[in-house]
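Each residue of the sequence shown is one higher than the one before, counting from -1 in my numbering.
Report on the structure given below.
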Amino acid sequence: MRPAMSSTTSWLAGAAAVMIVSGGLVAAQSGPDGENGRYSMTPIPEGVLRLDTRTGTVSTCAKNDAGWACYAVPDERTALDAEIGRLQAEVERLKGQLAAGPTVSGKVDEALPKSDQLKKAEPKTAEGERKIEIPLPSDQDVDRVMSFLEKAWRRLIDMANRVQKDVSGKI
């Protein structure tokens, strides 16, 4: 626990707060950097806006029940710099992938012909004749279809038998 402050200590704390609000010099970790000190103070309705002239950090300071408290203001520039750095790294990575990828040789000024993936291939015609050749399924394909149809037929018959037994048992 903290010992209670004496009236002299309270007075000194109050005097220091008055100096901060009035824009006086504030002693930081080390001595003042220049003529105006390390911090620049600007009064705002909520209290004081404090600029650290060494780091560029901006804080809002306000008096509460326990005394004066300063909180750093979120810096959008830090977030922007981080995003710029991430994007620059991604650009470099993509450039490396492009450089390592296959190279295109030959003339590239002309556009490549477009092919329609959904368009069916033209039927083949025999040389000299105008007949359409239709490829027939192999024996293996026919066997697979027959096996499927046999299984489906058996299941249909089994289902009909079960329905007949259910109906005859209820009558």
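Even for Gly, the Cβ is constructed at its ideal location relative to N, Cα and C.
Here the structure is a predicted model, which is why all the values come from computation and not from measurement.
The beta carbon of N159 sits closer than 6 Å to no other beta carbon from its chain once the five residues preceding and following it are set aside. If you look at I82, you'll find it in the alpha helix (DSSP H) that goes E74 to A98.
If you draw a 10 Å sphere on the C-beta of M39, you find 16 or more other C-beta atoms in it, and that means buried.
When only Cα atoms are considered, L78 and P72 end up about 12 Å apart.
Taking every protein chain shown into account, the CB of R48 has 16 or more other CB atoms within 10 angstroms, so this residue is buried.
The three-state reading of DSSP puts A150 in helix, counting H, G and I together. Bounds of the beta strand (DSSP E) holding L47 are G45 to D50. Within the same chain, Cβ atoms closer than 7 Å to the Cβ of D50 are found at R36 and Y37, the five residues on either side in sequence being excluded. Secondary structure note for T58: its beta strand (DSSP E) is the uninterrupted segment V56 to N62. Residue range Y37 to I42 is occupied by the beta strand (DSSP E) that includes I42. Separation of the CB atoms of T58 and E81 is rounded to 25 Å, and the pair is thereby denied contact status at 8 Å. Assigned with DSSP and collapsed to three states, I130 falls in strand.
Checking the DSSP bridge columns, you'll see A67 partnered with A60.
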